[in-house]
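Numbering (the UniProt record's numbering), first residue to last: 1 to 537.
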């Protein structure tokens with residue numbers, strides 16, 4: 001067999017803990033074999049294929065630890081309502097889209113009534129009037145409630161008798177699941193494939209080389225997940241790590257070949273839809289404390305089964321009552337399988353927004369990974385945000401406590417939950433650093449680790465090199481047009497040794513609000529280019 005000619009990338013800025021001042025890296029096949037300075041690289045690899053980086057910045061590619069690929073692609077190719085500033089704009093967008101695309105299902109995503117002057121969602125009569133006879137499904141920004149036209153509800157008549165049914169307003173709980181499933185079933189295989197490719201291409205264009213698909217019977221389908229996993233093996237797109245969110249579905253897990261029975265296995269819902277389970281009622285609706293879908297004994301049974309089967313378990317958990325139920329469930333599981341087995345399984349929790357320092361310490365002891373979405377705080381945090389509106393300022397400003405979890409030793413893995421928020425890694429890092437509540441953010445270095453190595457650790461890969469640029473690592477990286485690189489501490493209370501150039505800590509782009517974020521030029525997965533945006537020169 002003829003040995004493949006190495007490739008030497010030089011003249012750049014390489015983010016590597018192996019050599020913080022590196023300007024070059026050599027690759028053989030799918031592996032990084034050397035990192036260092038240009039002159040040494042040319043001497044060692046004079047016969048290699050030469051790529052001049054022209055000052056570009058090279059990092060390990062990002063991992064998005066929580067995505068819904070088909071839904072995100074449908075938002076790209078379908079009706080995107082995230083830009084609607086009012087109820088009227090939303091209805092106008094529906095009217096225009098259904099007129100321009102007659103005859104098929106209309107899938108829309110992203111409306112958020114908390115940002116509209118009307119302060120409410122459209123009624124079914126208003127939506128029917130805008131859509132005509134079209135079957136329309138519009139998921140709220142958090143995807144835990146949705147709107148449906150009468151034409152779509154007729155495809156799932158059981159919706160009217162389900163928990164969460166509303167004769168005129170948004171549908172939640174089982175009623176929402178019924179209409180969402182009817183909408184999914186109306187999609188053709190070609191529509192799903194087109195949507196999946198659209199999302200994966202967008203992810204690659206944002207420097208992402210791996211995504212964790214959080215599928216499940218109430219969010220997508222086994223067929224959808226199988227198609228997505230197959231797609232990532234036959235196309236030059238990001239790797240897809242699959243999770244299936246269904247209790248004790250071990251045969252399904254084996255059939256699909258997923259990493260775990262985890263992801264969007266709902267313990268509760270979402271704060272925006274008032275379905276996250278709370279210990280005390282919502283401030284803006286005192287008649288409800290949300291919905292608890294799973295109890296501690298069910299959680300424990302699932303964790304025990306997954307631990308024994310060598311699978312990761314995991315749960316969608318947001319509200320403080322839901323977090324308490326998960327803690328109790330893990331405590332019950334520990335009594336059966338033991339702390340060592342529990343920790344070795346690397347179970348994970350998605351979102352984990354309302355968690356106390358004491359709970360964080362217990363989760364760290366059990367080796368649980370927190371898969372979190374910092375753009376949630378950027379979008380809805382702070383004293384004037386949706387969280388504070390729903391929960392009151394004291395509760396609403398304490399969500400997503402990244403620093404508390406990190407201090408307790410919980411592994412953080414960052415993602416987007418796209419289509420809920422965009423798959424935009426640098427913006428995600430900026431949100432994690434500049435948390436809207438002082439003291440809850442983390443350093444740029446910690447945020448970067450959570451969005452690279454943390455994503456790999458979240459799916460059970462913890463070999464010390466994956467997610468880095470150092471000899472022996474997979475050649476999975478992204479090339480960026482970026483400005484000045486700095487080494488920044490999270491705040492002025494942190495020891496300054498780590499910001500001194502002599503410490504050997506590699507720099508990162510500035511993440512200040514007024515600083516342009518890096519632009520992706522190229523994304524490479526295991527030596528294969530999956531995105532090429534052209535040179536910055």
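Every residue, glycine too, gets a C-beta built ideally from N, C-alpha and C.
- One thing to note: residue 505 has its Cβ no nearer than 8 Å to the Cβ of residue 166.
- The DSSP-derived three-state label of residue 251 is helix.
- Here residue 241 is buried: its Cβ has 16 or more other Cβ atoms, across all protein chains shown, within 10 Å.
- Closest by C-alpha distance to residue 453, out of 211, 139, 178, is 211.
- Looking at 14, 518, 98, the one whose alpha-carbon comes closest to that of residue 128 is 98.
- Using a Cβ-Cβ distance cut-off of 8 Å, the stretch 450-468 and the stretch 175-192 are not in contact, since fewer than three pairs of beta carbons, one from each stretch, lie closer than that value.
- By the CB criterion at 8 Å, residue 53 and residue 479 fall inside the cutoff.
- Scanning its chain for C-beta atoms nearer than 7 Å, with the 5 sequence neighbours on each side dropped, one finds around residue 284 the residues 389, 390, in chain order.
- Per DSSP, the unbroken beta strand (DSSP E) holding residue 313 starts and ends at 312-317.
- Residue 7 and residue 514 have their alpha carbons spaced roughly 36 Å apart.
- Less than 8 Å divides the Cβ of residue 308 from the Cβ of residue 337.
- With contacts defined by Cβ atoms closer than 8 Å, residue 205 and residue 533 form a contacting pair.
- Note on residue 110: 16 or more other CB atoms within 10 angstroms of its CB, so buried under the neighbour-count rule.
- Residue 12 sits buried, since 16 or more C-beta atoms from the chains shown fall within 10 Å of its C-beta.
- As computed with DSSP, residue 138 is found in a beta bridge with 108, 147.
- Here residue 408 has 357, 360, 361, 363, 364 as same chain residues with Cβ atoms under 8 Å from its own Cβ, once five neighbours each way along the sequence are excluded.
- In this chain, residue 529 is not harboured by any alpha helix (DSSP H); it is covered by the beta strand (DSSP E) spanning 528-532.
- By DSSP's assignment, residue 20 forms no beta bridge with any residue.
- Nearest neighbour of residue 260 by Cα position, chosen from 522, 225, 347, 424, turns out to be 347.
- DSSP, reduced to helix, strand and coil, places residue 162 outside both helices and strands of the structure shown, so it counts as coil.
- Secondary structure note for residue 60: its beta strand (DSSP E) is the uninterrupted segment 57-60.
- For residue 391, the enclosing alpha helix (DSSP H) has its first and last residue at 386-391.
- Judged by DSSP in its simplified three-state form, residue 13 adopts strand.
- DSSP places residue 177 within a helical segment (H, G or I) once states are collapsed to three.
- The beta carbon of residue 238 sits closer than 6 Å to those of 200, 203, 204, 208, 209, 210, 211, all from its chain and outside the five residues before and after it, given in chain order.
- For residue 343, the three-state secondary structure derived from DSSP is helix.
- The beta carbon of residue 198 lies closer than 7 Å to those of 73, 76, 77 in the same chain, with the five residues before and after it left out.
- Restricting attention to alpha helix (DSSP H) runs no shorter than 4 residues, the stretch 355-429 encloses them at 357-365, 375-380, 386-391, 393-396, 402-408, ordered along the chain.
- Distance from the CA of residue 523 to the CA of residue 403, rounded to the nearest whole angstrom, comes to 30 Å.
- Distances from the alpha-carbon of residue 432 to those of 420, 419, 217, 446 put 446 closest.
- Proximity to residue 56 across 508, 526, 374 peaks at 508, based on C-alpha coordinates.
- Annotated three-state conformation of residue 99 is helix, per DSSP.
- The three-state secondary structure of residue 189, taken from DSSP, is helix.
- With a cutoff of 8 Å on beta-carbon distance, residue 16 and residue 470 are scored as near each other.
- Unbroken alpha helix (DSSP H) runs of no fewer than 4 residues, entirely contained in the stretch 265-324, are found at 296-309, following chain order.
- Just measuring C-alpha positions, the residue of 66, 38, 51, 32 sitting nearest residue 315 is 66.
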